[in-house]
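Enquirer: Same order as they appear, the protein sequences are chains A and B. Read in our numbering, the first sequence has 58 at position 77, and its numbers run on one by one without any break. Read in our numbering, the second sequence has 222 at position 219, and its numbers run on one by one without any break. Idealized CB from N, CA, C, for every residue including glycine.
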Amino acid sequence: MANYGTNEFKGGLKIMLDGDPHSIVSNEFVKPGKGQAFTRTKVRNLKTGRVVERTFKSGDSVEPADVMDTSMQFLYGDGERWHFMDPETFEQLEADVTAVGDARLWLLDGSTCEVTLYNGQPLAVTPPNFVEMTITETDPGLRGDTATGGTKPAHMESGAVVKVPLFIEEGEKIRIDTRTGEYVSRVK
Amino acid sequence: MAKLRADVRAWMALGKVLEIVTPVMSTAAPGELHLHSYATSTDGEMRYLQTSPEFPMKRFLAAEAVDCYQLAPVFRAHERGRLHNPEFTLLEWYRVGADLASLMSDVENLLKTLWSHNDKILPSMPRLQCIDLVEAELGKGSCATRRERPFLDVTQVQAHFESHGRSFPESIGDDADAAFDLLMDEFVLPALPSACPVFIQGWPPSQAALARITCDERGHEVAERFEVYLGTLELGNGYHELTDAVEQRRRFEIDVDRRRRLGMDCPPIDERVLASLEAGLPDCAGVAVGLERLAMAMLDAARIDEVMAFPVERA
Chain A
-18 MANYGTNEFK GGLKIMLDGD PHSIVSNEFV KPGKGQAFTR TKVRNLKTGR
32 VVERTFKSGD SVEPADVMDT SMQFLYGDGE RWHFMDPETF EQLEADVTAV
82 GDARLWLLDG STCEVTLYNG QPLAVTPPNF VEMTITETDP GLRGDTATGG
132 TKPAHMESGA VVKVPLFIEE GEKIRIDTRT GEYVSRVK
Chain B
4 MAKLRADVRA WMALGKVLEI VTPVMSTAAP GELHLHSYAT STDGEMRYLQ
54 TSPEFPMKRF LAAEAVDCYQ LAPVFRAHER GRLHNPEFTL LEWYRVGADL
104 ASLMSDVENL LKTLWSHNDK ILPSMPRLQC IDLVEAELGK GSCATRRERP
154 FLDVTQVQAH FESHGRSFPE SIGDDADAAF DLLMDEFVLP ALPSACPVFI
204 QGWPPSQAAL ARITCDERGH EVAERFEVYL GTLELGNGYH ELTDAVEQRR
254 RFEIDVDRRR RLGMDCPPID ERVLASLEAG LPDCAGVAVG LERLAMAMLD
304 AARIDEVMAF PVERA
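This is the structure we're talking about:
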């Protein structure tokens, strides 16, 4: 794939910088009336998650990063490797603990996730925004117990621990916002 | 914007500055490295859209020697961003017999008038020196005193960036002008007061293709040029115009040579403006103000799009 020139920079563009894949967060065109033009960018390192600033001279070019987001189905995990399948090609890929990250708390067999592939291998996994899961273990809520602010910890079938209202019982299914890890509602 | 144009015209009329209209298209274009002209080829003839009305206005001055101005549509390719649109308006005017100091007073007078029409009071505008601003960042003695030497030491600028954790593109190489431009944008301009516009004088000789070069009181060779800034927003650029035809041709040829060596397209040199200089350009000083930038300053706009009817993507 041909290199990108600074005039092609935009949010979301995937580029190689210092050997790592990055995504452009934002870019700004800078030019004094009679002088050299520059492009100031904020870029996120897709391996480390860190955002840094980088300034380019107008006309500089960067190598594109072979990074793409694709929907994959979670098959199973063994605690070290998490296995995903492309629902169209049936191709299977495995992600390690770094790539799966916090998503591992919200994966249920069969759930569909966004997997970011770098050179064809999983770099990051994004679970769906909301998941519905069963509580495997939680204390029965005692009426009038407000010492903990009206919530109690509940262990989920995925291994995650979520704070839930006291009236929620073990075995119930609840809806969780994976972006915050918070209880949203009961599922009927 | 409409009110701004009307206010400008009224001020010019009071100052007895004649409004002129000159062609927007020309068979020639400036050779400056960082200006990219739109070219149009129709019926086998190549014409360039103006990046500024400077050349035809100087030809007019050589013929008529009267104070004149223009609200000119100008076009600069590859310039698009929060503060840039490839098509914009330059308010450009020339005062015969003026020097830089009197032209700055003129600009201050115009801004004071415009500000008052918007119920604002313009504070008195400081005259800052480029060298002072740069040396406040890099240390005393960082700026060259002779035009033949690069204005700044690129490695010193790079070290300054790195010690402040700021990104400095390797591709700048040994280009002192590019290093200077980035230093200004990254450090100097953000440190300027943003409540009122300022003048910055005493620019590097390498950055003023059409201005005279002089020696300031401290013995630094500088271009007779000033810039008007409101914080980091560049409003305008003024010169004590170069009238020496031989020197102007020499500078044009250096620019074209640089473009050629970089593999850039080389539009023809404007022989007609050189002929005017040979015939005699009166001693004059001229200034170009970005009209949209002026509107942005007065309205506190964050983007140039806010003061344009149709930015380039919708033109």
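1) Just verifying my parser: in three-state terms, what is the DSSP assignment at H367(B)?
2) Excluding sequence positions up to five away, which residues of its chain have a Cβ less than 6 angstroms from the Cβ of P208(B)?
3) What separation, rounded to the nearest whole angstrom, lies between the Cα atoms of P56(B) and A(-17)(A)?
4) Could you pull out every residue in the same chain whose Cβ sits closer than 6 angstroms to the Cβ of W63(A), ignoring the five residues on either side in sequence?
5) Starting from T29(A), trace the beta strand (DSSP E) in both directions and tell me its first and last residue.
6) In whole angstroms, what is the alpha-carbon distance linking L277(B) and V99(B)?
7) Tell me the rounded alpha-carbon separation between L88(A) and T22(A).
8) Measuring CB to CB, does E295(B) end up less than 8 angstroms from K15(A)?
9) Figure out for me which residue from V24(A), S52(A), V43(A) and N100(A) has the closest Cα to the Cα of T93(A).
10) Quick check: what's the CA-CA separation for T36(A) versus R317(B)?
11) May I have the straight-line CA-CA distance separating F154(B) from W206(B), to the nearest angstrom?
12) In chain order, what residues of the same chain have a beta carbon less than 8 angstroms from the beta carbon of K6(B), not counting five sequence neighbours either side?
13) From M137(A), G40(A), T117(A) and I149(A), pick the residue whose C-alpha is nearest to that of R167(A); which is it?
14) On a CA-only basis, which of N26(A), V112(A) and S42(A) is nearest K154(A)? Give me that one, please.
15) Give me the residue from R85(A), T115(A), L74(A) and T119(A) with the minimum Cα distance to P103(A).
16) Do the CB positions of V165(A) and R156(A) come within less than 8 angstroms of each other?
17) Assuming A291(B) contacts L38(B) under a Cβ cut-off of 8 angstroms, what Cβ separation, rounded to an integer in Å, is found between them?
18) In three-state DSSP terms, what is I216(B)?
19) Using 8 angstroms as the limit for Cβ to Cβ distance, is D1(A) near chain B?
20) Examine chain B for any beta-carbon lying closer than 8 angstroms to the beta-carbon of K23(A), and answer yes or no.
21) Does any residue of chain A have a CB that is nearer than 8 angstroms to the CB of H163(B)?
22) Cβ of R85(A) less than 8 angstroms from any chain E Cβ?
23) The alpha helix (DSSP H) with E140(B) in it runs from where to where?
24) Considering F58(B), what are the terminal residues of the alpha helix (DSSP H) in which it resides?
25) If you run the structure through DSSP and keep just helix, strand and coil, what is R261(B)?
26) Could one say the Cβ of N(-12)(A) lies closer than 8 angstroms to chain B's Cβ atoms, at least one of them?
27) Just to make sure I have the definition right: I need the residues of chain A whose C-beta is within less than 8 angstroms of the C-beta of G84(B). Which are they?
28) Could you tell me which of P121(A), G152(A) and L27(A) sits nearest to G0(A), measuring between CA atoms?
29) Would you say V33(A) and V43(A) are within 8 angstroms of each other, going by their C-beta atoms?
30) Would A75(B) pass as an interface residue toward chain A - the criterion being a Cβ-Cβ separation below 8 angstroms?
31) Relative to the alpha-carbon of A214(B), which residue among E165(B), D273(B), A288(B) and P200(B) has its alpha-carbon at the smallest distance?
32) On the CB-based measure, 16 or more other CB atoms within 10 Å of its CB, does L17(B) come out buried or exposed?
33) Cα-Cα, which of G122(A), T117(A), V145(A) and D158(A) is closest to E138(A)?
34) Hey, Y2(B) and P200(B): beta-carbon distance below 8 angstroms or not?
35) Bridge partners for K133(A) per DSSP, in chain order?
36) Would you kindly check if the distance between the Cβ of D286(B) and the Cβ of T246(B) is under 8 angstroms?
Expert: Concretely, from the data shown:
1) Given that chain B is displayed from residue 4 to residue 318, the structure contains no residue 367(B) and the question cannot be resolved.
2) R150, I216, E224 and A226
3) 38 angstroms
4) A76 and V81
5) For T29(A), no beta strand (DSSP E) segment is defined, and its DSSP state is neither H nor E.
6) 18 angstroms
7) 34 angstroms
8) no
9) Relative to the Cα of T93(A), the nearest Cα in the group V24(A), S52(A), V43(A) and N100(A) belongs to S52(A).
10) 28 angstroms
11) 9 angstroms
12) H120
13) The shortest Cα separation from R167(A) among M137(A), G40(A), T117(A) and I149(A) belongs to I149(A).
14) Across the set N26(A), V112(A) and S42(A), the C-alpha of V112(A) shows the shortest separation from the C-alpha of K154(A).
15) Answer by Cα proximity: L74(A).
16) Yes, they are a contact pair.
17) Incorrect: roughly 13 angstroms between the Cβ atoms, too far for contact.
18) Looking at I216(B) - three-state DSSP - the assignment turns out to be strand.
19) So no, D1(A) is outside the interface.
20) no
21) no
22) Structure shown: chain E not included; protein chains present are A and B.
23) C133 to L141
24) Membership of F58(B) in the alpha helix (DSSP H) is indicated by the continuous run E57 to E67.
25) helix
26) yes
27) E9, F10, V11 and K12
28) L27(A)
29) no
30) no
31) A288(B)
32) exposed
33) T117(A)
34) Residue numbering for chain B in the displayed model covers 4 to 318; residue 2(B) lies beyond these limits and cannot be assessed.
35) For K133(A), the pairing in a beta bridge is given by DSSP as V145(A).
36) yes
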